[in-house]
Every structure is written in C-alpha cells, then in structure tokens.
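In what follows, a single structure is set out as structure tokens and then discussed.
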Amino acid sequence: MADTKSATLTLDGKSVDLPILKPTIGPEVVDIRKLYGQADVFTYDPGFTSTASCDSTITFIDGDKGELWYRGYPIEQLAKNSHYLEVCYLLLYGELPDEGQLEDFENRVTHHTMVHEQMNNFFRGFRRDAHPMATMVGVVGAMSAFYHDSTDIADPWQREVAAIRLIAKLPTIAAMAYKYSIGQPFVYPQNDLDYASNFLNMCFSVPATKYTPDPALARAMDRIFTLHADHEQNASTSTVRLAGSSGANPFACIAAGIACLWGPAHGGANQAALEMLQQIGSVDRIPEYIKRAKDKDDPFRLMGFGHRVYKNFDPRAKVMKESADEVLDLLGIENNETLKVAKELEKIALEDDYFVSKKLYPNVDFYSGIILSAMGFPTSMFTPIFALSRTVGWIAQWKEMIADPQNKIGRPRQLYVGSGKRDYITVSDR
Ligand code: CMC
C-alpha cells in the first residue's frame with residue numbers, strides 16, 4: 003500500500019523520488035520499480051538480502067523477535083492446537099475452516115492420494131540407488147504428463163485441482179521413492195487413515211506384516227509437516243514463483259522448487275545435520291568441529307545452525323526440540339550417542355563467542371533429523387519429507403502470484419563485469 007512518505011535518491015545532481023510502501027507489519031519497502039526508467043540505474047542485491055520480490059498475505063517472519071505466523075497465526079499455536087490439513091486450508095484460502103469446510107477439504111485431499119498407475123513404470127526407470135530427492139524431482143515434473151487436465155493456469159478451477167493433487171500425492175510419491183530405493187513393493191494410500199498416519203503406513207508397512215501407525219508418532223509427523231508448511235520467500239519458494247512467472251504449469255514449478263530445496267544450505271541441511279552429528283560421533287570430538295566451523299579457511303559449517311532471516315532463534319526449532327524430546331521419550335531412546343552429541347554441540351555453540359556474535363542459532367533442521375531418524379527414516383528421506391511438507395506453501399504462493407493482476411515474468415537485471423566489445427579473431431591468428 004502506498005504511503006505519503008517517499009525516499010529521495012540523488013544521482014549526478016538529479017533527484018528521484020521513490021515511493022515507500024507500507025506493510026501490515028515489518029520494515030517499510032522502497033518501491034524502485036520506476037528507478038531504471040527515471041534514472042537509468044539498476045540496484046544491486048545478490049542473494050536478495052534487502053529486496054522484497056513480491057507482496058504477499060500468506061506468511062510473516064520477524065527474524066529479530068524469532069516470530070513466524072501463517073496468515074497471522076503464530077506457528078507455536080498452530081503446531082500445538084491445529085493439524086497439517088487444517089494448516090493447508092489456512093495457507094491456501096486465508097482463513098481457518100469451519101467444520102464443514104474442513105471435512106470437505108480433507109475429503110478432497112484424501113480422494114486424490116493415489117497416483118496414476120502408469121507412474122509405477124516411471125519409477126522403475128530410476129536406478130535403485132538414486133537419492134529419493136532425485137526421483138521426486140523427476141516424478142513430480144512428470145505429473146504434468148499424467149494430469150494434463152489441470153495444467154491450464156488461466157483456469158482457476160484447474161489451478162485448484164492441481165493444488166489438491168499436489169498436496170494429496172506428494173506423500174505417496176515420497177513414500178514410493180523410498181520404497182523403490184529399498185527394494186520393497188509400493189504401498190497404496192489408505193483413505194481411512196489421516197494424512198500423517200497414511201504417510202507412515204506407505205513408508206513402513208510391508209505386505210507380509212501388519213503395521214499400525216502409532217498415533218503419537220503420527221502426531222509428531224504431522225507437527226513436522228506443519229512446521230515446514232511455509233516460510234515466505236525462501237530460495238525454493240522464490241524458485242517456484244520465478245518458474246511460475248513465465249506461465250509454466252504448476253507441476254513443473256513444484257519440481258523446480260524441489261530441486262532448489264535439495265541444496266545443503268536449504269532443505270538438504272536436515273540430512274547434512276544428522277550426518278554431521280554422526281560424523282562427530284562422540285562428545286569429546288565436538289571442540290575439533292567447533293574449531294573447524296570457525297576457521298575461515300575451512301569450508302566446514304555447523305549444519306543446522308544459522309539462518310538468513312532468524313537472528314534471535316528459529317521458533318520452529320523450539321517446537322521441534324520439544325517434539326524431539328517427546329518422540330525419544332516415547333520410543334525409550336535415552337542413551338543415543340547422536341542425541342548426546344546434538345545436545346552438547348548446541349550447548350557449546352550457544353555459549354561460544356563466534357556463534358553468539360554472528361547470531362547463529364540452531365534452526366529447524368538441527369532437530370528434525372533427530373526425530374525422523376528415531377522414527378526409522380534413513381537420512382536420505384529427510385529432505386523428501388521437507389519437500390512434501392513445503393508443497394502447500396509453494397502452491398499457495400504460486401496461486402497467490404498467478405491471481406495477482408500485477409504478476410509479471412521475473413527477470414532480474416545484472417551488473418555486467420565482463421569484457422568490453424571486441425572483434426572476433428580467427429583461430430589461426432590467436
Ligand atoms: N557454521 C559456521 N559459520 C556460519 C554458519 C554455520 N552454520 N552459518 C553462517 N556462518 C557464518 C558465515 O561464515 C559468515 O561469517 P563471516 O561474516 O565471518 O563471513 C556469517 O556467519 C554469516 O553467514 P552467511 O553465509 O553470510 O549468512 P546467510 O544468511 O547467507 O546464510 C545459511 C544462512 C542458513 C545459508 C547459513 O547460516 C548456513 O549455511 N547454515 C548451515 C546450513 C543450514 O543449516 N541451512 C538450513 C537453514 S534453515 C532451513 C531452510 O531454510 O531450508
């Protein structure tokens with residue numbers, strides 16, 4: 003929303019007035035859209051550290067206070083009192099559902115959980131040792147070939163169907179990627195199970211033995227989904243928006259988001275964090291790793307620590323830590339060496355000057371791996387679980403962008419530092 007305030011930029015004696023946009027909450031934003039036209043200059047901001055790429059009504063983060071809200075509701079309240087499908091509804095439609103709306107939404111998601119039978123063949127084209135994220139990027143991208151009746155982005159109804167299909171089928175696809183990687187048969191979704199129990203069942207049941215998902219573990223799983231559901235304009239969400247800004251179909255855009263999420267600086271950190279804890283191995287080796295993390299000449303970083311936005315604490319990490327304690331207690335895991343290393347590492351890092359001065363706190367990925375590993379997931383499944391949880395955020399942000407009349411193809415400019423114009427010289431003369 004435009005305010006009466008503006009900022010003035012003076013360049014070579016010429017002044018340019020830049021409007022200030024006022025958010026509901028958070029820092030004001032200098033609107034530089036007309037800057038190039040008026041002053042013939044670009045702005046420079048690699049990594050978007052000071053740039054708002056869009057306006058959005060979905061998620062708010064206050065990094066200094068350590069606050070995260072979905073549609074205004076604090077994450078702690080949603081994690082405690084709500085559940086993932088209700089949170090999906092909230093993210094997609096902007097309000098908490100009444101009972102009828104929730105029932106209808108849950109029904110719609112539940113009845114889209116199966117994937118096209120021919121997709122099984124598609125899975126079989128991958129090597130067994132492929133990382134499940136590699137398989138997911140391919141299979142989710144391929145959904146546009148299987149669900150062609152929901153790829154017309156100009157049709158709001160098709161956008162809605164695509165959203166439901168993605169939320170419903172991502173757990174099935176993630177579980178299939180896992181089953182394929184361990185050589186077990188695919189398990190079909192079961193519509194009488196809730197979203198989280200259904201996922202656990204598709205991952206852990208085998209035809210030979212009866213499996214009943216533990217309700218307490220399903221609740222912890224559901225909370226992990228909720229905590230990861232959205233996080234405003236992070237790298238993968240911005241990737242989905244950028245891909246979607248060209249008019250690409252939603253399945254292709256979500257595949258792009260999954261590819262971006264995989265990186266160890268983003269969603270891949272949950273796998274990297276647990277592998278790091280296992281590599282440290284015992285409490286007495288922690289100082290060695292702390293020293294390495296502080297060494298400028300060593301590329302090693304403490305995985306699961308630090309965040310671009312949170313400079314106080316990550317509110318998701320707080321809830322996740324509580325959940326980790328509950329799950330380990332439930333499973334009777336007390337003397338786990340990885341857990342001991344995690345707890346001690348957290349303690350040492352939180353007291354260390356380097357981490358304190360740089361405001362590096364444990365993030366959501368530091369604890370999620372501990373819970374997932376205790377539940378029986380291999381590290382390679384951690385990031386796929388993040389991806390399936392974040393799908394609703396990606397799709398809500400994508401829908402918001404497509405419905406926005408101001409939507410334009412994303413096209414950043416650059417600061418060119420390459421060679422000046424020069425003439426071609428034939429190879430024999432070089
Ligand atoms: N261990 C050691 N030093 C660190 C760490 C770390 N984990 N994170 C940041 N630093 C240092 C960094 O070396 C830099 O020092 P200096 O100012 O002396 O050059 C300073 O802290 C600022 O770091 P940055 O890389 O400029 O900060 P950023 O905002 O670009 O990066 C980050 C944020 C999350 C990529 C980074 O903290 C990191 O690589 N953390 C480890 C990976 C991780 O846990 N990622 C998950 C993020 S939460 C879930 C998600 O978003 O998917």
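Numbering-wise (the working numbering), the sequence shown opens with residue 3 and increments by one. Heads up, the beta-carbon is just placed ideally off N, CA and C, and yes, glycines get one too.
Considering only Pro-25, Thr-26, Ile-34, Gly-28, the residue with the shortest C-alpha distance to Ala-9 is Ile-34. Counting along the chain, the unbroken alpha helix (DSSP H) around Glu-348 starts and ends at 339-353. By a beta-carbon distance limit of 8 Å, Thr-137 does not contact Ser-146. Their separation comes to about 16 Å.
Listed as beta-bridge partners of Pro-21 by DSSP are Ser-8. The straight-line gap separating the alpha-carbon atoms of Ala-156 and Arg-303 is approximately 44 Å.
When Cβ pairs closer than 8 Å are counted between the two stretches, the stretch 401-415 is seen not to touch the stretch 361-381, the count staying below three.
In this structure, the alpha-carbon of Arg-73 lies about 44 Å from that of Ala-210.
The stretch 165-229 contains, as complete alpha helix (DSSP H) runs of 4+ residues, the segments 197-206, 217-229 (chain order).
In this structure Val-343 is not in contact with Ile-397, their Cβ atoms being roughly 37 Å apart against a cut-off of 8 Å.
Within the DSSP secondary-structure output, Phe-307 pairs in a beta bridge with Pro-364.
Considering only Met-178, Ser-183, Ile-169, the residue with the shortest C-alpha distance to Tyr-197 is Ile-169. When secondary structure is reduced to three states using DSSP, Lys-16 falls in the strand class.
For Leu-362, the shortest separation between its Cβ and any heavy atom of the ligand CMC lies below 7 Å.
Within the stretch 32-112, the complete beta strand (DSSP E) segments of 3 residues or longer fall at 61-64, 69-72, listed in chain order.
Relative to the ligand CMC, the beta carbon of Gly-68 is positioned no closer than 7 Å to any heavy atom.
When DSSP states are grouped into helix, strand and coil, Met-403 belongs to the helix group. Below 8 Å, too few C-beta pairs join the stretch 236-250 and the stretch 351-358 to call them touching: fewer than three.
Contact between Ala-176 and Ile-22 is absent: CB atoms are separated by about 43 Å, not below the 8 Å threshold.
With the rule of 3 Cβ pairs closer than 8 Å, the stretch 160-168 does not count as touching the stretch 181-197. The beta carbon of Asn-314 sits closer than 8 Å to those of Gly-65, Asp-66, Lys-67, Gly-68, Lys-361, Tyr-363, all from its chain and outside the five residues before and after it, given in chain order.
By the Cβ-count criterion, His-233 is buried, with 16 or more other Cβ atoms from all chains shown falling within 10 Å of its own Cβ.
The DSSP-derived three-state label of Ile-292 is helix. With contacts defined as CB atoms closer than 8 Å, Arg-318 and Leu-87 fail to qualify as a contacting pair. Here Asp-151 is exposed: its Cβ has fewer than 16 other Cβ atoms, across all protein chains shown, within 10 Å.
For Leu-374, the secondary structure class from DSSP, reduced to helix, strand or coil, is helix. The straight-line gap separating the alpha-carbon atoms of Val-358 and Ser-370 is approximately 22 Å. Contact between the stretch 268-288 and the stretch 324-335 is not established, with fewer than three Cβ pairs separated by less than 8 Å.
At a Cβ-Cβ threshold of 8 Å, Pro-187 and Asn-203 do not count as neighbours. Between the ligand CMC and the CB of Asp-367, the shortest heavy atom gap is smaller than 7 Å. Note on geometry: alpha-carbon atoms of Ala-144 and Gln-120 lie some 11 Å from one another. Counting only residues of its own chain and dropping the five nearest sequence neighbours on each side, Leu-172 has a CB closer than 6 Å to the CB of Leu-390, Thr-393. Take Ser-382, set aside five residues on each side of it, and the residues of its chain with a beta-carbon closer than 6 Å to its own are His-133, Pro-134, in chain order. Taken atom to atom, the span from the alpha-carbon of Lys-16 to that of Asp-42 is near 12 Å.
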